[in-house]
């Protein structure tokens, strides 16, 4: 068996072992099932709900009703069904969180790999630029950007992506620095492998595991940030529903209708918990030494 065949065999064995640990990890299973239920329920909502009739239509006669068979989570201060708005708003929050992370993920891989692989001047320029971004507290940075630019969904996604990019770059850079001096990377260099081939085929695939693990936590962070900005009136604007804005509106009527803010809060909490459990499960599967 050649050295390449041995390395391929070891990689296949490691992958099988990882999937075995992941399938038998209770946290990962519970988190995955919970997140799938939440995501499917939210993303399927346009199939059976009408935006004009079910989401934004005002019904002054039935406002601030408690949970009932007709309205399982009650109605809000404008008579709109709370459950319907939770599902519709969840679709927006989860989708925007995923897109924000996707942008940060791609930029993190590009900039982090470039900084680690090329080093010196490239590394200094990239890391000093990120230091400037990270010099401000993240929440203050996002609030400032949200207050300056128009509060559109696209701008909100970009704001959150900008906030996530520095930590993604640092994580990728740290992972790549651990790999660039490995023997098999040096062997590819000696054989005349191009820089792009080394990075794309040998470095990124071996560095991606810990990055994906952290990504689960970052998705939860992005969703929470969207809700925080919406709670403060800087995120998704009425009449479009979003968990944060629903919490804000519910706070104003909490003495008369506890359900208006409680159920959106539960939806946000369960989503964050499910993603955290998935992240913990992936961490344990990728590195059993980190098990608590």
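Numbering (my numbering), first residue to last: 77 to 368.
Note that the Cβ used here is the ideal one computed from N, Cα and C, for glycine as well.
If the five residues before and after residue 106 are omitted, its C-beta is found closer than 7 Å to the C-beta atoms of 353, all from its own chain and listed in chain order.
With fewer than 16 neighbouring CB atoms inside 10 Å of its own CB, residue 276 falls in the exposed class.
Taking C-beta separations shorter than 6 Å and ignoring five residues to either side along the sequence, the partners of residue 125 in its chain run 160, following chain order. Between the segment 342-361 and the segment 159-174, the count of Cβ pairs shorter than 8 Å is three or higher; the stretches touch.
Per the DSSP secondary-structure output, residue 360 pairs with nothing in a beta bridge. The C-alpha of residue 193 is placed about 7 Å away from the C-alpha of residue 253. Around residue 287, the same chain offers 247, 248, 251 as residues with beta carbons nearer than 7 Å, after the five sequence neighbours per side are excluded. Listed in chain order, the non-local C-beta contacts of residue 189 below 7 Å within the same chain comprise 248, 252, 275, 279, 280, local neighbours out to five positions each way being set aside. Of the residues 173, 292, 360, 256, the one whose Cα lies closest to the Cα of residue 301 is 173. Per the coordinates, the alpha-carbon of residue 324 lies some 15 Å from the alpha-carbon of residue 156. Between the alpha carbons of residue 185 and residue 196 lies a gap of roughly 18 Å. In the three-state reduction of the DSSP assignment, residue 151 falls in the strand class.
Proximity to residue 218 across 187, 240, 205, 264 peaks at 240, based on C-alpha coordinates. Listed in chain order, the alpha helix (DSSP H) elements of length 4 or more contained wholly in the segment 270-349 are 280-307, 319-328. Checking the DSSP bridge columns, you'll see residue 157 partnered with 151. In the DSSP assignment, residue 122 falls within the alpha helix (DSSP H) that extends over 121-124.
Rounded to the nearest angstrom, the Cβ distance from residue 133 to residue 153 is 14 Å, too far for a contact under 8 Å. Cβ neighbours of residue 314 within its own chain (closer than 7 Å, five residues either side excluded): 321.
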